[in-house]
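Asks: Residue numbers (this note's numbering): 440 to 608.
In this text, a Cβ means the ideal position worked out from N, Cα and C, and glycines have one as well.
Predicted model, so just to flag it, every value in this text is computed and none were measured.
Before I ask anything, here is the structure I am working with.
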Amino acid sequence: MKTKRIALIRGDITTLDVDAIVNAANNSLLGGGGVDGAIHRAAGPGLLAECRQLNGCNTGEAKITRGYNLPARFVIHTVGPVWHGGNSGEEHLLRSCYNGSLNLAHDYQLKTIAFPNISTGVYGYPKQQAGRVAVEAVSEWLDVHPDFKQVNFVAFDEENFTIYEELLG
Ligand code: ADP
Numbered sequence: 440m441k442t443k444r445i446a447l448i449r450g451d452i453t454t455l456d457v458d459a460i461v462n463a464a465n466n467s468l469l470g471g472g473g474v475d476g477a478i479h480r481a482a483g484p485g486l487l488a489e490c491r492q493l494n495g496c497n498t499g500e501a502k503i504t505r506g507y508n509l510p511a512r513f514v515i516h517t518v519g520p521v522w523h524g525g526n527s528g529e530e531h532l533l534r535s536c537y538n539g540s541l542n543l544a545h546d547y548q549l550k551t552i553a554f555p556n557i558s559t560g561v562y563g564y565p566k567q568q569a570g571r572v573a574v575e576a577v578s579e580w581l582d583v584h585p586d587f588k589q590v591n592f593v594a595f596d597e598e599n600f601t602i603y604e605e606l607l608g
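Quick look at the structure:
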């Protein structure tokens with residue numbers, strides 16, 4: 440039952456027609472590299488204009504905007520922790536990104552969401568460990584939110600795809 444509402448997708452998160460895609464943003468919410476840059480390029484300037492009104496975001500928290508030119512209706516911007524070796528609260532903060540994003544989606548009555556592997560690019564969180572935290576946090580959240588339809592994990596590269604495949608069985 441647990442994994443029924445969890446799917447794995449190989450590809451680019453900006454192409455997905457879901458209620459919300461999650462952006463692995465930075466504290467400024469004003470754009471950056473990696474998935475953040477790809478989302479802003481695909482969404483167009485309206486996204487940056489709305490982000491400017493948000494006054495940034497704390498690490499481990501999430502904020503929502505509209506999706507502009509994206510197929511997704513909303514973007515949930517969350518700020519993952521920078522990896523400092525694992526003893527600086529990274530796991531707790533990463534878990535909080537997933538929970539906060541899902542809670543926000545639920546508040547907006549959204550039913551489908553897609554996550555990149557948060558923090559595993561420039562922020563340096565080991566992909567396997569981050570994937571495990573992601574799958575655990577999402578599974579636990581879904582267990583207590585039976586009305587939520589689907590969570591998609593998006594693997595942009597082969598390494599992430601293999602990691603999620605193994606974690607999801
Ligand atoms: P962070 O700053 O949180 O580390 P990055 O954007 O550098 O964020 O990387 C996070 C993850 O997003 C990486 O695993 C990377 O492979 C993935 N990623 C990059 N571009 C895309 C994309 N267009 N769609 C989905 N995932 C992506």
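1. Cβ of Ile557 versus every heavy atom of the ligand ADP: is any distance shorter than 8 Å?
2. Sorry if obvious, but does the Cβ on Ala463 come closer than 8 Å to a heavy atom of the ligand MN?
3. For Leu468, does the three-state DSSP call read helix, strand or coil?
4. From this set, Phe554, Ile503 and Val583, which residue's C-alpha is nearest Ala569's C-alpha?
5. How long is the line joining the alpha carbons of Arg534 and Asn526, rounded to whole angstroms?
6. Less than 9 Å between the beta carbons of Thr549 and Ala481, yes or no?
7. According to DSSP, which residues form a beta bridge with Asn462?
Replies: This is what the structure holds:
1. True, at least one ligand heavy atom lies under 8 Å from that Cβ.
2. Here the bound small molecules are the ligand ADP; the ligand MN is not part of this structure.
3. Of the three classes helix, strand and coil, the one that applies to Leu468 here is coil, per DSSP.
4. Among Phe554, Ile503 and Val583, the Cα nearest to that of Ala569 is on Phe554.
5. Those two C-alpha atoms are separated by around 15 Å.
6. Note that residue 549 is Leu in the sequence shown here, rather than Thr. At least 9 Å separates the beta-carbon of Leu549 from that of Ala481.
7. Paired residue(s): His516.
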